[in-house]
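Everything on this sheet refers to the single structure shown next.
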Amino acid sequence: MKKLLCLLLALSLVFAFAACGTGGEGSSTDFPTSPITMIVPQDPGGDTDLIARQVASIVEQNEGWTVTISNQPGGSTSVGLLQLQAANPDGYTILCNATNLSLLKPQDIADIDSSDFAAIAGCNSESCYLIVRGDEDRFTTMEEFVAYAKEHPGELNVGTGQAGGVWALACTAFEQGAGIDLNIVANAGGIAQVGLTLLNGDVDCAIISLGTNTMYVESGEMKLLNNFSAERTEAYPDVPTAIECGYDIEVTSNRGFLAPKDTPQEIIDILEAAFLKAIESEEYQTFLENMNSGYMCLNAEDYAAMMAEEDAFYTELFAANTEGVS
């Protein structure tokens, strides 16, 4: 009887140690055990919001997780980013990021850049366009637009995204590169609202990405004069780039997902795997095609490297512009 008890005790210890030995793997598979909050640092209805919701939905389908969207607009995305920076680094608070992060420190909006966060994955690279109404007859090409703007300085109202954001920067770069004076009308409500101001005649043109405005381009209610990417887009191969038109302007917005800086690597690995699976899905790629928005799929390391390059580029760009002011 004593031998039997000793044998049972020994076996129980073996199983106990076996359970301890797999504790690292068990803790990994135990995440998440409660809903994840995804901060979107912009208003509902914009491209960042739509992309965040689509990826979150696919992650939920694939993984059985709950991912709750929390829109926290303001401060050229700094409000949401600062909330992420202050969040507990446990993987339960993440954020859908855009290039605006790299513009904050150079413009003294917030003292943060990509080094203050942990990358999860990159998911989208988006072009912006110079857009006019379909019935616009004052200018039908970018060259005609620039000529008109030079003849009528300060007359043309151009709608764009939030002040301090990447599309507002594209407007300023266009003004400087073309030597024209535009009245820039920033709109924090997202590109859908900017599109409506164009259709309603509140602005003469818009410099934004397409997103939900794609349907107005397809219907002929909006017309594209150029795009500000390095190359023509697959969706609109007949629309020239600003570079082709003689202006050295290239502005895109790259999106992805971030976690607080000190999030444990094993949690980042779980998030990265889940989000890459969603980004690689046919459902997500079709979604971007329907938005006429560029596909990108970067792992955590590559997305971090891209953001670091953007930080350096915009820091240098704003420093050069500041030095040029007397």
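Reading the sequence shown from the start, the letters are residues -18 to -1, 1 to 308 in mature numbering (1 follows the signal peptide of the UniProt record, and there is no 0).
The beta carbon of each residue, even a glycine, is placed where N, CA and C say it ideally should be.
Query                                                                                                                                                      : Result
Who are T75's beta bridge partners in DSSP?                                                                                                                : T19
Below 8 Å between beta carbons: does that hold for A174 and T194?                                                                                          : yes
Distance check for N70 and S39, CA to CA, integer angstroms please.                                                                                        : 23 Å
Quick one: residues in its chain with C-beta nearer than 7 Å to the C-beta of Q267, no 5 flanking neighbours on either side, listed in chain order?        : Y277
With distance defined between alpha-carbon atoms, name the residue in D95, L112, D230 and V61 nearest to Y296.                                             : D95
Let me know the secondary structure DSSP gives F257 once reduced to three states.                                                                          : helix
Tell me the DSSP secondary structure of L151 in three-state form.                                                                                          : helix
Can you tell me which residues form a DSSP beta bridge with residue 332?                                                                                   : Outside the modelled stretch of the chain, which goes from -18 to 308, sits residue 332, for which no answer is possible.
Taking buried to mean at least 16 other C-beta atoms within 10 Å of its own C-beta, is S58 buried or exposed?                                              : buried
Since I believe T30 is in contact with N236 (beta carbons under 8 Å), could you give me their beta-carbon distance rounded to a whole number of angstroms? : 11 Å between Cβ atoms; not a contact.
When you compare only the Cα positions, how much space is there between G34 and V22?                                                                       : The amino acid occupying residue 34 in the given sequence is Ala; Gly does not appear at that position. If I take the Cα positions, the gap works out to 7 Å.
Would you mind sorting R120 into buried or exposed? The rule is 16 or more other CB atoms within 10 Å of its CB.                                           : exposed
Go ahead and pull the three-state DSSP assignment for T297.                                                                                                : helix
Taking only three categories from DSSP, how would you classify L85?                                                                                        : helix
Flag this pair as touching only if the segment 41 to 49 and the segment 60 to 67 have three or more C-beta atom pairs under 8 Å; answer yes or no.         : no
Relative to the C-alpha of C110, which residue among E292, Y198, T215 and G146 is closest?                                                                 : T215
Below 7 Å CB to CB, which residues in the same chain sit around A103 once its five sequence neighbours on both sides are set aside?                        : G238, F239, E254, F257, L258, I261, L280, N281, A282 and Y285
My output table needs one value for G177: the three-state DSSP class, helix, strand or coil.                                                               : helix
List the endpoints of the continuous beta strand (DSSP E) containing T142.                                                                                 : N139 to T142
Which residues in the same chain have their Cβ closer than 7 Å to the Cβ of V37, if we skip the five residues on either side of it in sequence?            : C105, F257, A260, I261 and Y266
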